[in-house]
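Novice: Below you will find the structure I want to go over with you.
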Amino acid sequence: MLISLIILSVMIFAAIIISLLLNKKKNNLEKELLKTEKEKLNEEIKHKTRELTSQALMMLQKNKLLEEILNSLSEIKTTGKETHKEISDLKRRLKYSMHSEKDWKLFKQYFEEINKNFFESLNKINKKITPAEMKLAALIKLRFSIKETASLLNISEGSVKTARYNLRKKLGLKRNDNIYDYLNSF
Numbered sequence: 008m009l010i011s012l013i014i015l016s017v018m019i020f021a022a023i024i025i026s027l028l029l030n031k032k033k034n035n036l037e038k039e040l041l042k043t044e045k046e047k048l049n050e051e052i053k054h055k056t057r058e059l060t061s062q063a064l065m066m067l068q069k070n071k072l073l074e075e076i077l078n079s080l081s082e083i084k085t086t087g088k089e090t091h092k093e094i095s096d097l098k099r100r101l102k103y104s105m106h107s108e109k110d111w112k113l114f115k116q117y118f119e120e121i122n123k124n125f126f127e128s129l130n131k132i133n134k135k136i137t138p139a140e141m142k143l144a145a146l147i148k149l150r151f152s153i154k155e156t157a158s159l160l161n162i163s164e165g166s167v168k169t170a171r172y173n174l175r176k177k178l179g180l181k182r183n184d185n186i187y188d189y190l191n192s193f
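Dropping the structure here:
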């Protein structure tokens, strides 16, 4: 009877130890899986950030080129009424291209993949934030300079400063609050 009790105790003890070892191994495998998944997600975020930055830079270069062409066309001395009309038409089309919403839709898509719920969070803070202010907030979050932002939005640097000021007011920021830090908090 005593021997049976000892054997039973040893078997229970062995079962507990085996169970603990299996749980430890399972936990280690889960930790390793989570670590691998985290690394994969970090790489995906880096890739999406590169795509977003690339898209923004392409838009910046496109707008700069279009602005240079527009300036060149303005400097051309026209001789005939027909030439003047054609140049005016071309200038109008270039200006339209600079404001292309297709580029912004693609930019917004990349941006939202990386910064989920960013625009929703802005809307929760203030429902009166305009689409233009949403674009500005995204560019601020990406640390674009005032000059780069002006080129992307096709407005003057002074207009960017005014728009930043208005956005700060709508977000309820005080003078000493950093808008970049604030936008990166969500």
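Each residue of the sequence shown is one higher than the last, beginning at 8 in this note's numbering.
Glycine residues also receive a C-beta, built at the ideal position from the N, C-alpha and C atoms.
Just so you know, these numbers come straight off a predicted model, no measurement behind them.
Can you tell me whether residue 159 is buried or exposed, with buried defined as 16 or more other CB within 10 angstroms of its CB?
Specialist: Buried, because 16 or more other Cβ atoms sit within 10 Å of the Cβ of residue 159.
Novice: Quick one: what does DSSP say residue 150 is sitting in, helix, strand or coil?
Specialist: Residue state, collapsed to three classes: coil.
Novice: Thinking C-beta only, is residue 177 closer than 8 Å to residue 140?
Specialist: In contact: residue 140 and residue 177 (Cβ atoms closer than 8 Å).
Novice: Verify whether the separation of the beta carbon atoms of residue 164 and residue 67 is less than 8 Å.
Specialist: Not in contact: residue 164 and residue 67 (Cβ atoms no closer than 8 Å).
Novice: Are the segment 129-143 and the segment 165-175 touching, with three or more C-beta to C-beta distances below 8 Å?
Specialist: Segments in contact, yes.
Novice: What number of angstroms, rounded off, separates the C-alpha of residue 6 from the C-alpha of residue 152?
Specialist: The structure shown does not extend to residue 6, since the chain is modelled only from 8 through 193, so no value can be given for it.
Novice: In the DSSP assignment, find the unbroken alpha helix (DSSP H) run with residue 175 in it and report its ends.
Specialist: Looking at the DSSP string, the run of the alpha helix (DSSP H) that includes residue 175 is 164-178.
Novice: Once DSSP output is grouped into helix, strand and coil, what is the label at residue 136?
Specialist: The answer is coil: DSSP assigns residue 136 none of H, G, I, E or B.
Novice: Let me make sure I understand the geometry here. Which of 192, 162, 135, 97 has the alpha-carbon closest to that of residue 218?
Specialist: Nothing in the structure corresponds to residue 218, since the chain is present only between 8 and 193.
Novice: Rank 118, 135, 23, 136 by C-alpha distance to the C-alpha of residue 62 and give the top, closest one.
Specialist: It is 118.
Novice: Between residue 121 and residue 52, how many whole angstroms is the CB-CB distance? I'm expecting something under 8 Å.
Specialist: The pair is a contact, with the Cβ atoms about 6 Å apart (cut-off 8 Å).
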